[in-house]
Amino acid sequence: MLLLIERTLEDSEQTVLTQLQAQVNSEVSFAKKAAKAKTLWKTKGGKEGKQAFVKIADALAEMCVSVKTCNYCEGNEAEDIEHIYPKSFFPEKAFEWQNYLLACKQCNSGDKLDKCFVMDADGTVYSTVRGVEPVHSNVAFINPRIDNPKDFLWLNMEVGKFELLIDLSEAYKNKALKTLEILALNERDYLIVGRKRVADELYDKMDRLSRIVKAANVSEIETILAPYHGIIDATLPIETIKYQVIETTKQHIYKLLHPSVWYAIQTIASKVNSKWEAIFEVLPEALEW
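FYI, in UniProt numbering the residues of the sequence shown are 1 to 289.
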């Protein structure tokens, strides 16, 4: 998981959300508010609301950690608008822009659903009961719209799993643990395999790129790229070719699944892994990609 870059919603879409939320808030009891939120979420209040949510989904897609990639597991396509605070427990946030992100169907409908735990000021965790208003408003869940996951978790590349940072406060510890539990981020084998696969792919590409940057002539670059040397224009100056290959590699990295892997490489492997240290010595600018 990574912190999402915030984006301001257009006034027209925000107006629709405000109007829908006002209908929820007008109900007098928690049960009625939850029921109203559920109904309005299905209908979006009609044609205008449905049109607004197409644009809302587009805006959320621009915020994704990678190209239309699930902001929770990072391993699947993001298809659903997800309520970070479940609308069944927090109907007052059902149509709140800051409560949305894009997630895959597995995370949204398979793992997370409306699972929810809340915490008191000391970080003590309480379960929630469907149909009953939560006893606290602070959820035990990392909200990547406002919480930076790097303040809670780090990705252990050796095992492909997220682990808690040391010396976390009780509240942060419980928030991290419940996030991993709810989303099953360390339990789904295909996610672990996917992270390791991306790590291998990144090393192959960056190792090749570092050798290209050090190449003395175009012929050497062609040898490194073989059998794909045809992707470059050998008539161009060598520095132009190197620049183009760097930019192509950078754009490829931006589109990969599991972007947390690249972040872990930049922040951890670059300091403790000799192979990665050698690559970043040649390409120090890649630490900022």
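Built from N, CA and C at the ideal position, the CB exists for glycine as well.
From a predicted model like this one, the values you see are computed outputs, not experimental measurements.
Integer Cβ distance of residue i from residue j, believed to fall under 8 Å
i	j	result
Ile265	Leu225	Incorrect: roughly 22 Å between the Cβ atoms, too far for contact.
Tyr100	Glu82	7 Å
Asn186	Val125	Not a contact, Cβ separation roughly 19 Å.
Leu287	Ser274	Not quite, the Cβ-Cβ distance comes to about 16 Å (not below 8 Å), so this is no contact.
Glu170	Asp122	7 Å
Ala61	Lys68	5 Å
Lys33	Pro91	4 Å
Leu257	Gly194	6 Å
Straight-line gap, residue i to residue j (C-alpha atoms, nearest Å)
i	j	result
Thr235	Tyr254	28 Å
Met63	Thr8	10 Å
Ala165	Glu74	Reading off the sequence, residue 165 comes out as Leu, not Ala. Answer to the nearest angstrom: the Cα atoms are 20 Å apart.
Gln23	Trp41	12 Å
Pro227	Glu277	27 Å
Leu20	Gly45	7 Å
Arg133	Val118	Residue 133 is actually Glu in this sequence, not Arg. Their backbone Cα atoms lie some 11 Å apart in a straight line.
Asp114	Ile192	24 Å
Val272	Ser260	17 Å
Ala37	Phe53	15 Å
Cys116	Lys196	30 Å
Ala57	Ser66	15 Å
Asp11	Gln51	14 Å
Lys178	Thr248	38 Å
Leu153	Ile142	10 Å
Ala94	Gly131	15 Å
Val218	Asp204	20 Å
Asn108	Leu183	9 Å
Ile5	Asn71	11 Å
Cys104	Phe162	19 Å
Ser26	Lys55	26 Å
Gln244	Arg211	14 Å
Val139	Pro237	56 Å
Tyr190	Ser29	43 Å
Asp167	Leu102	31 Å
Glu158	Ile279	19 Å
Ala176	Glu239	46 Å
Ala215	Glu222	10 Å
Gly230	Lys47	51 Å
Thr128	Arg188	25 Å
Glu220	Ile246	16 Å
Thr39	Val198	41 Å
Thr43	Ala31	19 Å
Cutoff 7 Å; reference residue i; Cβ partners in own chain excluding five residues on either side
i	result
Val213	Lys242, Val282, Leu283
Trp97	Leu9, Gln14, Leu17
Tyr263	Leu2
Thr267	none
His136	Val118, Met119, Asp120, Tyr126
Asn156	Glu163
Leu180	Phe162, Asn186
Trp289	Lys250, Ile253
Glu79	Cys104, Lys105
According to DSSP, residues forming a beta bridge with residue i
i	result
Met270	Before going on, a small fix: residue 270 reads as Ser here, not Met. BP columns for Ser270 are empty, so no partner.
Glu163	Trp154
Asn138	Met119
Tyr100	His83
Ser127	Phe117
Glu77	Thr69
Same chain only: Cβ atoms within 8 Å of residue i, ignoring 5 sequence neighbours per side
i	result
Thr3	Strictly speaking, residue 3 in this sequence is Leu, with Thr absent from that position. Only Pro144, Asp147, Asn148, Pro149, Lys150 meet the Cβ criterion.
Arg208	Ile224, Leu225
His252	Lys205
Contacting residues, own chain, Cβ-Cβ under 6 Å from residue i (five flanking each side not counted)
i	result
Gln49	Looking at the sequence provided, one finds Gly at residue 49 rather than Gln. So the list reads Val16, once near-sequence residues are dropped.
Ile232	Ile241
Ser88	Ala34, Asp114
Ile84	Asn99, Asn143
Residue ranges of each alpha helix (DSSP H) run of no fewer than 4 residues wholly in the segment 22-51, ordered along the chain?
-> 30-43
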